[in-house]
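Novice:
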Amino acid sequence: MARYNPKETEPRWRKAWSDSDAFRAVIDRSRPKYYVLEMFPYPSGRLHMGHVRNYTMGDVIARFKRARGFSVLHPMGWDAFGLPAENAAMERGVDPKAWTYENIDRMRAELKELGLSIDWSREFATCEPGYYGKQQAWFLDLYERGLVYRKESVVNWDPVDQTVLANEQVEDGRGWRSGALIEKRKLNQWAMRITDYADQLVDDLATLERWPDKVRVMQENWIGRSKGLKFRFHGAPPADDLEVYTTRPDTLFGASFVGIAADHPLAEAVAARDPEAARFIAECRKGAATEAQIETAEKIGYDTGLTVKHPFDPTWELPVWIANFVLMDYGTGAIFACPAHDQRDLDFCRKYGLPVKPVVLPPGEDPATFQVGDEAYTGPGTIYNSGFLDGLDIEGAKAAAIARIEGQGDGEGAVVFRLRDWGVSRQRAWGCPIPFVHCETDGVVPVPKDQLPVSHPDDIEFGKSGNALERHPTWKHTTCPKCGGPATRETDTLDTFVDSSWYFARFANAHSEEAIDKDAADYWLPVDQYIGGIEHAVLHLLYARFVTKALADDGQLSVREPFAGLFTQGMITHETYRRQNGEWVEPKEVEFTAEGNTRRARLGGTGEPLIIGDVEKMSKSKKNTVTPDEIFEVYGVDAARLFTLSDSPPERDAQWTTGGVQGAWRFVNRVWEEFDSQPADASTAPADPELRRATHKLIRQVTEAIDSFRFNSGIARLYEFLNLLKANPAKAASPAVLAARQEALSAFARLIAPFTPHLAEECWTRVGGSGMVVHAPWPDFDPALTEDAVRTLPVQVNGKRRGEIVAPAGAEAADVEQIVLADPEIAGKLEGLTIRKIIVVKDRIVNIVAS
RNA sequence: GCCGCGAUAGCUCAGUGGUAGAGCGCAUCCUUGGUAAGGCUGAGGUCCAGGGUUCGAAUCCCUGUCGUGGCACCA
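Here the first sequence stands for residues 966 to 1816, where the numbers follow this note's numbering.
#1: Looking at TYR1096 and PHE1104, is the spacing between their C-beta atoms short of 8 angstroms?
#2: Less than 8 angstroms between C-beta atoms, sequence neighbours within five positions excluded: which residues of the same chain meet that for ALA1299?
#3: Thinking just about the alpha-carbon of each residue, which of GLU1185, SER1036, ALA1156, ASN970 is nearest to the one in LEU1166?
#4: Check whether the segment 1774-1785 and the segment 1733-1746 touch, using three or more Cβ-Cβ pairs below 8 angstroms as the test.
#5: Just curious, the alpha helix (DSSP H) that LEU1689 is in, first and last residue?
#6: Look at the Cβ atom of VAL1001, then the Cβ atom of GLY1023, and state whether they are nearer than 8 angstroms.
#7: Just to check my reading of the structure: ILE1791 and VAL1771 have Cβ atoms closer than 8 angstroms, yes? What is that Cβ distance to the nearest angstrom?
#8: Using DSSP with H/G/I as helix, E/B as strand and the rest coil, what is GLY1569?
#9: From the DSSP output, in three-state form, read off PRO1202 for me.
#10: So what's ASP1355 in DSSP terms, helix, strand or just coil?
#11: Quick one: which unbroken beta strand (DSSP E) runs of 3-plus residues sit fully inside the segment 1327-1406? Chain order, please.
#12: Kindly list the residues whose CB is nearer than 8 angstroms to the CB of ARG1071, restricted to its own chain and excluding five residues on each side of it in sequence; keep chain order.
#13: Is DSSP giving HIS1442 helix, strand or coil here?
#14: If you reduce the DSSP assignment to three classes, tell me which class PRO1527 lands in.
#15: Along the alpha helix (DSSP H) that carries ARG1543, what are the first and last residues, could you check?
#16: The alpha helix (DSSP H) spanning TRP1729 covers which residue range?
#17: For ASP1493, count the other beta carbons within 10 Å of its own beta carbon; 16 or more makes it buried, fewer makes it exposed. Which is it?
#18: Consult DSSP for SER1420 and reduce its assignment to one of helix, strand or coil.
#19: Taking the CB atoms as reference points, tell me whether VAL1321 and PRO1304 lie closer together than 8 angstroms.
#20: When the Cα atoms are used, what is the spatial distance from THR1172 to ALA1529?
#21: For GLN1392, count the other beta carbons within 10 Å of its own beta carbon; 16 or more makes it buried, fewer makes it exposed. Which is it?
#22: Under a three-way DSSP split, which group does GLU1260 fall into?
#23: Assuming the contact rule is C-beta atoms closer than 8 angstroms, HIS1421 and GLU1455 should be a hit. Round their C-beta distance to whole Å, please.
#24: DSSP on MET1157, reduced to helix/strand/coil?
#25: Do you know how far the Cα of GLY1219 is from the Cα of HIS1199?
#26: What does ARG1190 pair with, by DSSP beta-bridge criteria?
#27: Where do the ends of the beta strand (DSSP E) carrying GLU1301 lie?
#28: Return the Cβ separation of ASP1044 and THR1461 in integer angstroms, given the expectation that the two are a contact with Cβ distance under 8 angstroms.
#29: Have a look at THR1091 and GLY1042 and give me their C-alpha separation to the nearest angstrom.
#30: Tell me where the beta strand (DSSP E) around PHE1222 begins and ends.
#31: For VAL1806, name the three-state secondary structure that DSSP assigns.
#32: Does any heavy atom of the ligand GDP sit closer than 7 angstroms to the C-beta of VAL1125?
#33: Beta carbon of PRO1451, beta carbon of GLN1101: below 8 angstroms?
#34: Nearest by alpha-carbon distance to ILE1499: which of GLU1548, LEU1531, PHE1469, LYS1662 is it?
#35: Let me check understanding here. Comparing Cα to Cα, which of ASP1161, VAL1273, GLU1241, THR1533 lies closest to ARG1181?
#36: If you reduce the DSSP assignment to three classes, tell me which class GLU1554 lands in.
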């Protein structure tokens, strides 16, 4: 009996897969296709456990679908542009390109060690001219279509990374990467018209049935579509034609004042002649930067002294206030305030003594007595105090008010989005150059496609802050493609989220002359199962959806949604350990002792007691990391893969523990023991029916578990079945059991293949399977065999369990009743009671209602 | 404030109308030529709380508590 040795078996099987080119994706129209993709990694240097879990999940699906007869595409690439490379350049004086490719080499080796069933022939990195040159080509196509444009705008400037960030990349007023407080700057920027697709991006969410609701809700919130009315107030200049946006035109008769943002043009006009107003505006600008401060900030306002006429009553003059809670970049930067039915407006009016007139009467309230106190009423009701709107419900009044305004020519129904256009300019060198030149005569001119790619100069000087392309002595000087005169190249590069917004389509044919090989893309797309972190719920996933739609409209793609199925996996966490002085301690330095059920930790060597802290996401700063290579070294790749999936549902965080991975490792060894102890000359006796039934039940359960992304459940069933096999050992087994074991082991080797592929190959060979398990079909189950012949039915009396009986599977109610009533134990429990009713649930349970 | 998600054994989690389960941990015992290991057996659960529906609720519904994620002066 030989011990299982992953160090010997695992590399051997990886070589066998590679030698037979087992994972090459092939267009085969006779079979259904399946495209499984995990979000490609940024080549940061080393693989971490999160990668192991993410890529193992995708691999489970890929191997499972292959065994089920699908033509599978499972590719890998590198999201290789980005700031860390430039930061490394600055900190250590290395070349970003060389640094990136070294990282890719190391991470590729680690990914290959993980035994992933990837078609490596399609690998690319986004920093290759062969990739980003194609990106420049379609970027020019979208420019032709008006979806790419330049605009002077106020942007989010990250003073640490020295670059512009999109709104999506600013979290709580800080840069998503640097954490620096964001400043507002006015710059000339490249942008993409994602707002042209805002409606579609919301509407099509409904078609994404295999996306988590959570992600759909997050995108919907982010796009923030609202329907309402845009209309103009009239007044004396400068307050003539003041346009506001509202979602509550039904409450127009409850108006108290008109509010404008501090940076609204009208506010600036007022400030020009009113120093007090100027002071107020300056104070607003100084205001709070973080969300928490904004939330608690008091509502303040300044009465400009201007008035405008109410649209439905020209004699009604409304005062115009500058208000700090009105935002310039949403709607029109101006509102009308109805304090009775909007909390913000109410707070403001109470503070400044402005009138509060209710116009929506809640159901059951008396119009003579209903009053609004300190809480605005935002619920349903009937409109009153409102002239021609009286008696209507809210929806009816909205429609009537909009119709009246439109009839007056003062405005129209409008849809407003929270989503802004996507600013894609970044002042960085290590990114995709934007293929335009600036000419004194012709202005902004696209680089002709036959001159693509526009690539980086070789002698680029990194190592200082700011944009190295801008600093380069010669690179930006060129000639205008139009007039031949002197021109300068655009030195901004594209946001790296552009790189990741179409890579899934490039994988259809990674070597195509066109950006996207449409025939290949038509076959493979959409991605059937996309897997990645929830942190990309808005940024990456929204941009990829937008670019897909834009390229589809340009005829370069047929699908309008890139990812038919999305799965967001949880993170890997680990306990944290600290010394008494607060220093973090790495797990490998910790020794544990147990006192009953209490665990205590000590520092290895000195024995100093340690504090066991919270379970947190693995991070270098808290030293609670375990690296894949040290785990592979001790337990093998299969045990590591198995453990990342076995303990938690895939969408939830999984806690890494030494005990847990040891459990997985023991499973690997015990599996091998079962296979190794099975005699080679298989018995031809009729198989033991009970073990057969258990086998078919197992096949069914594991198949359903993988199909529904419940990997941990499937693995739990495999653990249980292994216990059953151990209870029916090969040693001293009857011929019937041996025959059933043979069938069970043949299925078992294939069922574990998605999770522990190396072990599966070894087992498959040992049990006499033909060829490699990667080519073997998924085992089938006989539905009839997944049911037991005899059932043990619990018997309840008045809902409490009082005994059990044995009945044939599928026994009818009448037969079961007879068995129950004949049972002496149950008869005892029924003594003195009258049976009112007997409920028999077929094959499940019997309940006797008695009194 | 709004919208989600979660709460089951000491820990991490399955179970989603019908007999409360797994892995790890813990305890007893066995093995001491698989040995910085292996195995047997076992203990351990008001299924967060309260109410409702039902013959029957961990499971479905309502309310609450605690934890957690997202959005947020978005008119």
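Every residue gets a Cβ at the ideal spot worked out from N, C-alpha and C, and that includes glycine.
All of these numbers come straight from a predicted model, not from anything done at the bench.
Specialist: Put simply:
#1: no
#2: LEU1207, GLU1208, VAL1209, TYR1210, VAL1223, GLY1224, ILE1225, ALA1226, HIS1229, LEU1231, VAL1291
#3: GLU1185
#4: no
#5: 1676-1692
#6: yes
#7: Not a contact, Cβ separation roughly 13 angstroms.
#8: coil
#9: coil
#10: coil
#11: 1376-1381, 1401-1404
#12: GLY1010, ARG1011
#13: strand
#14: coil
#15: Taken as a continuous stretch (DSSP letters only), ARG1543 belongs to no alpha helix (DSSP H), being part of the beta strand (DSSP E) at 1537-1543.
#16: 1722-1731
#17: buried
#18: coil
#19: yes
#20: 9 angstroms
#21: buried
#22: Low local confidence applies: a pLDDT of 47 at GLU1260 is under 50, so the model's placement there is unreliable, with the coordinate-based value given in what follows. Residue state, collapsed to three classes: helix.
#23: With a Cβ gap of about 13 angstroms, HIS1421 and GLU1455 do not count as contacting.
#24: strand
#25: 18 angstroms
#26: The partner list for ARG1190 (beta bridge, DSSP) is empty, contrary to what the question assumes.
#27: Sequence inspection shows Phe at residue 1301; the Glu mentioned does not correspond to that position. From DSSP, the beta strand (DSSP E) with PHE1301 extends over 1299-1302.
#28: 7 angstroms
#29: 8 angstroms
#30: 1222-1225
#31: strand
#32: Annotation note on the ligand GDP: not contained in the displayed structure, which lists no ligands.
#33: no
#34: LEU1531
#35: THR1533
#36: helix
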